[in-house]
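Visitor: Just so you know, the sequences run in chain order P, X, B and V. Just so you know, we're using our numbering here: the first sequence kicks off at 7 and counts up by one. Just so you know, we're using our numbering here: the second sequence kicks off at 7 and counts up by one. Just so you know, we're using our numbering here: the third sequence kicks off at 7 and counts up by one. Just so you know, we're using our numbering here: the fourth sequence kicks off at 7 and counts up by one. By construction, the Cβ of each residue, glycine as well, lies at the ideal position given by its N, Cα and C atoms. So that we are looking at the same thing, I have put the structure below in structure tokens.
4 protein chains.
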Amino acid sequence: MDFCHLVTRQQQKENTNFRVGSSLVGDRPIVIMAGPCAVENREDLIGLALQLRQSGAHILRGGAFKPRTSPYSFCGLGVEGLKILAAAGQASGMPVVTEVMDARDLEMVAAYADILQVGSRNMQNFTLLQEVGKVNKPVLLKRGLSATIEEWLMAAEYILAAGNSRVILCERGIRTFETFTRNTLDISAIPSIKELSHLPIIADPSHASGRWELVNPLAKAAIAAGADGLLIEVHPHPEEALSDGPQSLTPVNFTRLMAELKPLASAIGRTLEQPS
Amino acid sequence: MDFCHLVTRQQQKENTNFRVGSSLVGDRPIVIMAGPCAVENREDLIGLALQLRQSGAHILRGGAFKPRTSPYSFCGLGVEGLKILAAAGQASGMPVVTEVMDARDLEMVAAYADILQVGSRNMQNFTLLQEVGKVNKPVLLKRGLSATIEEWLMAAEYILAAGNSRVILCERGIRTFETFTRNTLDISAIPSIKELSHLPIIADPSHASGRWELVNPLAKAAIAAGADGLLIEVHPHPEEALSDGPQSLTPVNFTRLMAELKPLASAIGRTLEQPS
Amino acid sequence: MDFCHLVTRQQQKENTNFRVGSSLVGDRPIVIMAGPCAVENREDLIGLALQLRQSGAHILRGGAFKPRTSPYSFCGLGVEGLKILAAAGQASGMPVVTEVMDARDLEMVAAYADILQVGSRNMQNFTLLQEVGKVNKPVLLKRGLSATIEEWLMAAEYILAAGNSRVILCERGIRTFETFTRNTLDISAIPSIKELSHLPIIADPSHASGRWELVNPLAKAAIAAGADGLLIEVHPHPEEALSDGPQSLTPVNFTRLMAELKPLASAIGRTLEQPS
Amino acid sequence: MDFCHLVTRQQQKENTNFRVGSSLVGDRPIVIMAGPCAVENREDLIGLALQLRQSGAHILRGGAFKPRTSPYSFCGLGVEGLKILAAAGQASGMPVVTEVMDARDLEMVAAYADILQVGSRNMQNFTLLQEVGKVNKPVLLKRGLSATIEEWLMAAEYILAAGNSRVILCERGIRTFETFTRNTLDISAIPSIKELSHLPIIADPSHASGRWELVNPLAKAAIAAGADGLLIEVHPHPEEALSDGPQSLTPVNFTRLMAELKPLASAIGRTLEQPS
């Protein structure tokens, strides 16, 4: 950790925390971000957002610009997607988080998003890191597929060094030899980050596992290990999703997860509050 | 999973469970196995065993035959170690689990051990698997450092095919690119095994992380993810341990962990009972 | 390979080849790209370029924009570096290859470079891929640290789909558990790419190993496995290099490597020609 | 490398070399070991052995005891297989190499084999290492699927420490995230071992790649990188092989490989001699 300064516990003993909408990130309450992988249409998203909010979600997620391995896959609705996401956020009273893939889109994305997401494939897109470091919005920094904990913290350091200290780290699974799951959730990263840094950290069990049946137990594991929140993919009809259907919860399963997380949170001295 | 039969959920819907001493493995109660990496001396081990029992441990672990990367490292006390371990088990009223590294030692180890451990490096020592399959003792089968979930279940299949159905799987971390932790605890393996197999599964957060500070949060994560128990290294004086000191809890930290696990277990519908 | 079309052997049976300066890339002659990791100063680079050309290098490499893990490391001279590189190319009669990290810099970099390099960390920076796909310059596409062969080809597909078919793939080592080398040169990727695709592929033994002593044997291995060329780091004084010194050859060792590659090339039916 | 002594270059500057039959292992000549994955029947093996010898192979390989992931796969002919292998070796004038999986079989295997193979899955079967260390036969020690170079050398150290200095290391691919190949041939391990140790090292491109089309280029790469020999799977009818058919060369392709290796060997100052 020789090259990190601003992100370290040595630099700041107490946890970083800040408000996003009415939610406090990085403190005792656990923050749940939920929504579809990609924004697909206005009606569905508003309906889903209202359900998610009622089940206890705090922040709405949804992709308008989607990084896709193949150039021929659905890559999101672009600006139109941003507008729909913002509308669904407003309708449900939730702040929204969405990915920015290119520094040239930053101003536009920032006009609609409450949290700017930097995706795994861009964790070491250093010019993008510097640009989001200059914006007055919280940043959700996903860990790269094969990034070490140290490299991940250095990526965060780029953002803090550029002037933005509201960074949320997100563990979303690393690439290993195991093929039963899409990636391997590195659960140890959660307490390791807590030891090394003052920044909040959440987990994304949906991308980590790629299998919706595993999302519930992995979400619980992440909270038990000390995560400050979760990023969960929910889709009204996972089998029809344009991307990542197999890892999406139905609204019913999301509601069940929220109910099961509540006693777990109190068992470890955290809270899971209904959004106000 | 084409080549597995006996270990699969298709073959047997309900969870396998069986008694080891007075503890039920594979059912609602969580089973805690604790003790030092290696048996070092009689007095210390008996003292430690009594403490562990009082803190709520159910089964005593300790190595008499230690697989060591270097031929010049301390490799255990051998038969003498087995005798000490059995004595400490008897003094504290706990069954004991210890590793068998060679089929030629099997009879001797089985004379002292209540559970036979097959270590990571021997997960695909197929002749050893066949031999422990013929013994009338439960087997703790650790996952190989780079074994897939499928290969691990096939290793268990060897034991069941040879006639022994009392197998406990143990997730102990896999080898990845990350170097901050000794290995990467594959937390997803726990619900994955529960989905694919009826066999009980426990986690070893000590070997998985190699850092005692991470043992507490990882133990909680494993229980939250659905593990049936834990294997925890505890040493009266970790800094003087002949092996694996940096990953061993002190008895005080172990007691604290046990106290913190209790509410967590009930939050997810399990129990953590004082040994009877 | 379901999502690839333009890059596949099915699409085009014969190898893609094209001229860069006077060198033919993707045909029988082997193409050597050599130079320092980062452009540091004018005098040194021109001196080095003349030496490299005399030893038989065909293309000059040198970084002006350097992706660095830490925000506090030397990140290149920027435009000034591009100018020095172009001057050294002209002085020595070699075309130049250099990295472009950000779509916003593309026009500027393309004004000086003969080949545009997309680095490992940007292999899935999809907007950058689309932009270099619209430029009329060959692109050197490095494999991502944990990219599968399929993902790498899909990244190339982005460039071809955008209209640029002059893509050179570069295997530069993948991330594995082994720590003796910086990365693990995936030598199998070379014949695998040749089987799956018509695009030329070269190897970068310097980044792959991180150790100059291994560059010579790995360069030979890559040629023997069928690589169309090499990317080699050379520095006049590796111990004083501002980045990647430990993996840089001295000019003397580079000259020795070139002499040793010549008989190897003919042994496998290729040629290593002096640049004209 | 702190825990290694006997295997290091510091301990012995000059390369270890020794005779196996009429072949010198670890010196200028390259040694080719070839044969089927498993011994299947007498007639076929003798026929194949004569062909291999004529094409220039020096040592005959073939498995009688096969480690198999599934308990239900073909696991070799056992003693009968050893007898057939020895007969084929005698008929063709070649020494034979075969795997020993269990210390209890050691005497029996050593009665037939000229080289004792310790397989990947047993690389850290420490009691087996100690036992082959007491036998007066050369040992072929395959690298474990996820063993570091350091751990591999320590496994060799076990054998040397037990008294047997005739150890041949064999790189056979490591486990990584890449799925196009069965394993990833770690070509860097060859020059790394040459730097760190005086022991001979060969490569097994068949197991490393799992695809016969890649065996030819990988064999060349290994020789170019400095390997002292090769272990190649050849089967008279790969499509009918009881194990590892997809990675086996036909005799015709083996003959072609041998012809192509000869000029390569001389290009790097080695020789590939017809067996005497």
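With a threshold of 9 Å between beta carbons, is Ser76(P) in contact with chain B?
Guide: For the purposes of this step, residue 76(P) is taken as the residue at position 70 of the first sequence. Yes, because at least one Cβ of chain B sits closer than 9 Å to the Cβ of Ser76(P).
Visitor: Which complete beta strand (DSSP E) runs does the segment 53 to 103 of chain X hold, if anything under 3 residues is left out?
Guide: With a minimum length of 3 residues, the continuous beta strand (DSSP E) runs that stay inside the segment 53 to 103 of chain X are 65 to 67.
Visitor: Since Phe24(X) sits in a beta bridge, which residues does DSSP pair it with?
Guide: As a working mapping, residue 24(X) is identified with position 18 in the second sequence. In DSSP, Phe24(X) forms a bridge with Val31(X).
Visitor: Listing by chain order, which chain X residues have their CB less than 7 Å from the CB of Asn128(V)?
Guide: What you label residue 128(V) is simply residue 122 of the fourth sequence in a count that begins at 1. Asn131, listed in chain order.
Visitor: Could you tell me which residues DSSP puts in a beta bridge with Cys10(P)?
Guide: On the first sequence, position 4 is the one that residue 10(P) refers to. Partner(s): none; Cys10(P) has no beta bridge.
Visitor: Are the Cβ atoms of Glu184(V) and Gly41(V) separated by less than 9 Å?
Guide: Looking up residue 184(V) in the fourth sequence gives position 178. Looking up residue 41(V) in the fourth sequence gives position 35. Against a cut-off of 9 Å, the Cβ pair of Gly41(V) and Glu184(V) comes out as no contact.
Visitor: Using the three-state DSSP reduction, which class does Thr185(P) fall into: helix, strand or coil?
Guide: For the purposes of this step, residue 185(P) is taken as the residue at position 179 of the first sequence. Note: Thr185(P) maps to coil in three-state DSSP.
Visitor: What residue does the alpha helix (DSSP H) around Lys200(X) start on, and which one ends it?
Guide: Counted from its first residue, the second sequence places residue 200(X) at position 194. From DSSP, the alpha helix (DSSP H) with Lys200(X) extends over Ala195 to Leu202.
Visitor: Mind reading off the beta-carbon distance from Lys226(P) to Ile274(X)? Whole number of angstroms is fine, and I expect it under 8 Å.
Guide: The residue labelled residue 226(P) in the question sits at position 220 within the first sequence. The residue labelled residue 274(X) in the question sits at position 268 within the second sequence. So it is a contact: roughly 7 Å between Cβ atoms.
Visitor: Closest by CA to Phe132(B), which one among Leu146(P), Pro223(P) and Ala109(P)?
Guide: Taking the first residue of the third sequence as 1, we reach residue 132(B) at position 126. Out of Leu146(P), Pro223(P) and Ala109(P), Ala109(P) has the C-alpha closest to the C-alpha of Phe132(B).
Visitor: Any C-beta of chain V within less than 8 Å: which residues of the segment 249 to 262 of chain B qualify?
Guide: Taking 8 Å as the Cβ-Cβ cut-off against chain V, none of the residues of the segment 249 to 262 of chain B qualify.
Visitor: Express the C-alpha separation of Ala209(X) and Ile180(X) in angstroms, rounding to a whole number.
Guide: By one-based count along the second sequence, residue 180(X) stands at place 174. By one-based count along the second sequence, residue 209(X) stands at place 203. Spanning the two alpha carbons is a distance of roughly 12 Å.
Visitor: Roughly how many angstroms separate the alpha carbons of Gln123(B) and Lys200(B), rounded to a whole number?
Guide: Translated into positions along the third sequence, residue 123(B) becomes position 117. Translated into positions along the third sequence, residue 200(B) becomes position 194. Taking the straight line from one Cα to the other gives about 20 Å.
Visitor: Are the C-beta of Leu278(P) and some C-beta of chain X separated by less than 9 Å?
Guide: Within the first sequence, the letter at position 272 stands for residue 278(P). Not an interface residue.
Visitor: Consider the Cβ of Asp192(V): report whether some Cβ of chain B lies at a distance smaller than 9 Å.
Guide: As a working mapping, residue 192(V) is identified with position 186 in the fourth sequence. Yes - at least one Cβ of chain B is within 9 Å of the one on Asp192(V).
Visitor: Using a Cβ-Cβ cut-off of 9 Å, state whether Ser215(B) counts as contacting chain V.
Guide: In the third sequence, residue 215(B) corresponds to position 209, counting from 1. Yes, Ser215(B) lies at the interface with chain V (some Cβ there is under 9 Å from its Cβ).
Visitor: By the criterion of Cβ-Cβ separation under 7 Å, what are the contact partners of Glu184(V) in chain X?
Guide: By one-based count along the fourth sequence, residue 184(V) stands at place 178. Per Cβ cutoff of 7 Å: no residues; Glu184(V) is ~13 Å from chain X at best.
Visitor: At a Cβ cut of 7 Å, what residues of the segment 142 to 164 of chain P count as close to chain B, listed as they run along the chain?
Guide: From the segment 142 to 164 of chain P, only Leu151, Ser152, Glu157, Met160, Glu163 and Tyr164 have a Cβ closer than 7 Å to chain B.
Visitor: What do you get for Asn47(P), buried or exposed, if any count of 16 or more other CB atoms within 10 angstroms of its CB means buried?
Guide: Sequence index remark: in the first sequence, residue 47(P) carries index 41 (1-based). Counting Cβ neighbours within 10 Å, Asn47(P) comes out exposed, since fewer than 16 surround it.
Visitor: Taking only beta-carbon atoms, is Ala231(V) less than 9 Å away from chain B?
Guide: For the purposes of this step, residue 231(V) is taken as the residue at position 225 of the fourth sequence. So yes, Ala231(V) belongs to the interface.
Visitor: Less than 8 Å between the CB atoms is what I'm expecting for Leu205(B) and Tyr164(B), so what's the real figure, rounded?
Guide: As a working mapping, residue 205(B) is identified with position 199 in the third sequence. As a working mapping, residue 164(B) is identified with position 158 in the third sequence. Contact flag wrong, Cβ pair sits at about 13 Å.
Visitor: Could you check if Gly169(V) is buried or exposed, using at least 16 other CB atoms within 10 Å of its CB as the buried criterion?
Guide: On the fourth sequence, position 163 is the one that residue 169(V) refers to. So Gly169(V) ends up on the exposed side.
Visitor: Any Cβ of chain P within less than 9 Å of the Cβ of Gln18(B)?
Guide: For the purposes of this step, residue 18(B) is taken as residue 12 along the third sequence, with counting starting at 1. Output row for Gln18(B): interface = no.
Visitor: Let me know if His243(X) comes out buried or exposed under the rule of 16 or more other beta-carbons within 10 Å of its beta-carbon.
Guide: Your numbering for residue 243(X) matches position 237 in the second sequence. Counting Cβ neighbours within 10 Å, His243(X) comes out exposed, since fewer than 16 surround it.
Visitor: From Met129(V) to Val138(B), what does the alpha carbon distance come to, in whole angstroms?
Guide: On the fourth sequence, residue 129(V) is found 123 positions in, with the first residue counted as 1. On the third sequence, residue 138(B) is found 132 positions in, with the first residue counted as 1. In a straight line, the C-alpha of Met129(V) is about 47 Å away from that of Val138(B).
Visitor: Does any residue of chain B bring its CB to less than 9 Å from the CB of Pro244(V)?
Guide: Against the fourth sequence, residue 244(V) aligns to sequence position 238. Output row for Pro244(V): interface = no.
Visitor: DSSP on Ala119(B), reduced to helix/strand/coil?
Guide: Along the third sequence, one-based indexing puts residue 119(B) at 113. Coil.
Visitor: Check whether the Cβ of Pro35(V) lies closer than 9 Å to any Cβ atom in chain B.
Guide: Walking along the fourth sequence from the start, residue 35(V) turns up at place 29. Closer than 9 Å: no.
Visitor: Any C-beta of chain B sitting closer than 9 Å to the C-beta of Pro281(P)?
Guide: Looking up residue 281(P) in the first sequence gives position 275. So no, Pro281(P) is outside the interface.
Visitor: Is any beta-carbon of chain V found at less than 9 Å from that of Arg181(P)?
Guide: As a working note, residue 181(P) is residue 175 in the first sequence. Yes, Arg181(P) lies at the interface with chain V (some Cβ there is under 9 Å from its Cβ).
Visitor: For chain X, is any of its Cβ atoms less than 9 Å away from the one on Ala247(V)?
Guide: The sequence position of residue 247(V) within the fourth sequence is 241, counting from 1. Not an interface residue.
Visitor: Considering just the uninterrupted stretch of the alpha helix (DSSP H) at Met129(V), what are its terminal residues?
Guide: Counting from 1 along the fourth sequence, the entry for residue 129(V) is found at position 123. Run containing Met129(V): none; DSSP gives neither H nor E here.
Visitor: Can you name, in chain order, every residue of its own chain whose Cβ lies under 7 Å from the Cβ of Glu105(B), other than the five neighbours on each side?
Guide: As a position in the third sequence, residue 105(B) is number 99, starting the count at 1. Once the five neighbours on either side are set aside, the close Cβ partners of Glu105(B) are Gly69, Phe71, Gln123 and Gly125.
Visitor: Would you mind working out which of Leu248(X), Phe260(X) and Tyr118(X) sits nearest Ser79(X), comparing C-alpha positions?
Guide: Counting from 1 along the second sequence, the entry for residue 79(X) is found at position 73. The shortest C-alpha separation from Ser79(X) is found at Leu248(X).
Visitor: In the DSSP assignment, find the beta strand (DSSP E) that holds Glu156(B) and state where it starts and stops.
Guide: Taking the third sequence and counting its residues from 1, the one referred to as residue 156(B) is at position 150. From DSSP, Glu156(B) is part of no beta strand (DSSP E) but of the alpha helix (DSSP H) over Ile155 to Ala167.
Visitor: Taking beta-carbon pairs under 9 Å, can you tell me which members of the segment 92 to 109 of chain X lie near chain V?
Guide: Flagged, chain order: Met107, Asp108 and Ala109.
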